[in-house]
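Letter 179 of the sequence shown, counting from 1, is numbered 533 in our numbering, and no numbers are missing. Input: a single structure, listed below in structure tokens.
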Amino acid sequence: MKKNNPEINQDFEKLLKDRMNELSSSVDCFDRISAKAFPEKNPDFSESGFTVCDLENVTGKSRKPLFLKWTAIAAACAVCAVIIPKTAFFSNLVASMGKSPKKIYSQVIDEINAETSRNTYRIYDMPVEDYIRYDRLITPLYPCPFKDCGKDNINVRIFVRTYNDIPTNQIYAVEYAGEYEKSNFIAVADTKAKFTDEEFEYLDEIYQDSDDTEVNLAVMANFVPAITAETFITDRYENKVSLASFSYNNIYKSDDEQVYYSASQFIYYGDRTDELPETYCYDINNAPDTDGTWKNAVSFDGFSSMPEESQSLFIHTPLFDNHTYDDSISFGYVIPALENDSNENRIDFYTMDFSELSTRTTSMLAVPFDSEVRKNLKMYFSKSGFMFSSYSSPALVVSSEKSGLNEVIYPADDNYYDLLTEDQQAEIFEQQKEIEKRIKEELVASEEKAKQAIVFSEDDRDFR
């Protein structure tokens, strides 16, 4: 039986009371700290660099009601669906969402088959190496979308949609090995532009070719013709070069869905040697915005086929921004007809020899792949050779290296031209008008004189 000791009980009760008081003091302390850190009113903690409201915890993260978050998300979706314009970029982005590269690869192939069966296309076929090196002579506004895999017998087939025989920027390309069969496809590419038949109806009814004025000025400002009995041309660094130009007419569809005619002028040149130039410098005038023209360029395994660095022989060099020229210099150019040349599209090379004075090559360069584009190719030379020539009929011989065909061009031929400025052309036009006026006056005077002669003859007969 336990003993009930009053003194022990009193001591225990006192100790328990002291412990309870200490605990109560601790609780009050935490309450004061909480009140200090999280006041009911918004305090200013500018010295600390931040403020804390009664809806925030110690981490500073907002404790906004959950429905506010869902309201913000719903509003953002409404903006995307209603306010954002449905541009080509937006449509392409939506169309590409959720598609794997292999699915895009198959889709491009299906699109090529469908498009080429119902619309008109120019089709080019060549070794992929030629397309990589001479891309600007095949698709002048667009680079090659394929890499060089280093294997033999790799080709590329290019499909360019046309309208009224004018190329558009709806283009497809297929890289393949051996025969053109789906099982041999290596990579495919397509451009952003996709035309509908209705869009062509809004084009201007009258189509005008490009103006040659800017090309003439660029040639005269950046190149110098020889002043001896030779036909070579030098660039601004006094290097002998082969120089040519052509125009490229195109129906273009922009990213903002605008469809219009585009007439661009293309100048290119390379070192004049006995062999083909290893590189070309080029510039394009009045070119549409073609950055990122290729929408997809994907190989059969799902990887991108677009080269990281261009292996093209063509290097962009500004030529059309220089308008300082000497109007006394004398250029000429020829537009080779090569009537015996077939309509088959191919990479070809032409040389131009001044036959009467020299057998040395004065120009050798690759030419546009498309036979229609090649029809307006201009090959430039110095006219000094003609002026210093002692021959009565000097001529230029333009030869095709691959086909072996050649054409002799004389100054009186229709495809021989003098390069003139607008002022020179206007002056010649005025001179021609004066000549025509003088000829008409002489004809009128001759007719009057003839009439008078007839009258005198009749008077003389009457007198007799």
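Every residue gets a Cβ at the ideal spot worked out from N, C-alpha and C, and that includes glycine.
Give the secondary structure of residue i by DSSP, where H, G and I count as helix, E and B as strand, and everything else as coil.
| i | result |
| --- | --- |
| T470 | helix |
| S800 | helix |
| L491 | helix |
| S460 | helix |
| Y485 | helix |
| A691 | coil |
| Q806 | helix |
| S537 | helix |
| N507 | coil |
| T582 | coil |
| F685 | strand |
| N822 | As displayed, the chain neither begins before 355 nor continues past 818, which places residue 822 out of reach and without an answer. |
| E401 | Its pLDDT being 43, under 50, E401 is placed unreliably by the model, and the measurement read from it follows with that caveat. Correct three-state label for E401: coil. |
| S738 | helix |
| L557 | coil |
| D315 | Nothing about residue 315 can be read from this structure; the chain reaches only from 355 to 818. |
| L571 | helix |
| G452 | Below a pLDDT of 50, predicted positions are generally treated as unreliable, and G452, at 43, falls in that range; no measurement from the model is reported. |
What are the partner residues of residue i, as DSSP defines its beta bridges?
| i | result |
| --- | --- |
| Y478 | I512 |
| L750 | F708 and I763 |
| N603 | A617 |
| K732 | S599 |
| C635 | Y623 and I669 |
| P497 | None; P497 has no bridge partner. |
| K594 | T588 |
| I525 | V514 |
| V542 | V528 and V652 |
| A720 | F703 |
| S658 | V652 |
| Y770 | V688 |
| I793 | In DSSP, I793 forms no bridge with anything. |
Between residue i and residue j, how many whole angstroms is the CB-CB distance? I'm expecting something under 8 Å.
| i | j | result |
| --- | --- | --- |
| Y704 | P690 | 7 Å |
| N538 | Y526 | That belief does not hold up - the Cβ atoms of N538 and Y526 are roughly 16 Å apart, past 8 Å. |
| S747 | Y770 | Contact doesn't hold; Cβ gap of about 12 Å is too wide. |
| K548 | I463 | Going by Cβ atoms, the distance from K548 to I463 rounds to 16 Å, so no, they are not a contact pair. |
| C498 | S666 | 7 Å |
| A541 | F654 | 7 Å |
| N604 | N523 | 6 Å |
| H670 | D637 | 7 Å |
| S684 | S599 | 17 Å between Cβ atoms; not a contact. |
| F735 | T585 | 4 Å |
| M706 | L750 | 6 Å |
| Y602 | L495 | 7 Å |
| Y687 | K756 | Not confirmed; about 22 Å, so no contact. |
| A580 | I621 | Not quite, the Cβ-Cβ distance comes to about 19 Å (not below 8 Å), so this is no contact. |
| F708 | T582 | Not confirmed; about 11 Å, so no contact. |
| K546 | D610 | Contact doesn't hold; Cβ gap of about 11 Å is too wide. |
| P521 | R476 | 6 Å |
For residue i, I'd like the list of residues in its chain whose CB is within less than 6 Å of its CB, leaving aside the five on either flank, ordered along the chain.
| i | result |
| --- | --- |
| I466 | Y526 |
| T588 | V578 and K594 |
| N639 | E568, Q619 and F674 |
| K415 | Because K415 carries a pLDDT of 46, less than 50, the predicted location of this residue cannot be relied on, and the following value inherits that uncertainty. Same-chain partners within the cutoff: there are none. |
| S616 | N604, Y606 and P642 |
| P439 | Only weak support is given to the placement of P439: the predicted model assigns it a pLDDT of 45, under 50, and the question is left unresolved by the model. |
| D724 | N699 |
| P661 | K501 |
| E613 | With the sequence shown as reference, residue 613 is identified as Val, and Glu is not the correct amino acid for it. Closer than 6 Å at Cβ, skipping near neighbours: E553 and K607. |
Looking only at its chain, what residues have a beta carbon closer than 8 Å to the beta carbon of residue i, apart from the 5 residues adjacent to it on each side?
| i | result |
| --- | --- |
| E801 | none |
| S454 | G656 |
| T678 | A575 |
| Y488 | S666, L667, F668, I701, A720 and F723 |
Going by beta carbon distance, what residues of the same chain come within less than 7 Å of residue i, once the five residues before and after it are set aside?
| i | result |
| --- | --- |
| S658 | A651 and V652 |
| F384 | In this prediction, F384 has a pLDDT of 49, which is less than 50 and means its spatial position is unreliable; what the coordinates show is noted afterwards. So the list is empty, once near-sequence residues are dropped. |
| S596 | Y623, G624, R626, P631, S717, M718 and L719 |
| N672 | This sequence places Pro at residue 672; Asn is not what is there. If we look at P672 and ignore the five residues flanking it on each side, its Cβ neighbours are D637. |
| Q806 | none |
| N473 | R515 |
Is it the case that the CB of residue i approaches a heavy atom of the ligand NAD more closely than 6 Å?
| i | result |
| --- | --- |
| T647 | Ligands in the displayed structure: none, and consequently the ligand NAD is not present. |
Between the segment 543-557 and the segment 565-575, do three or more beta carbon pairs fall short of 8 Å?
-> No: fewer than three Cβ pairs fall under 8 Å.
Can you find at least 3 beta carbon pairs, one from the segment 476-490 and one from the segment 510-520, that sit closer than 8 Å?
-> At 8 Å Cβ cutoff, the stretches touch.
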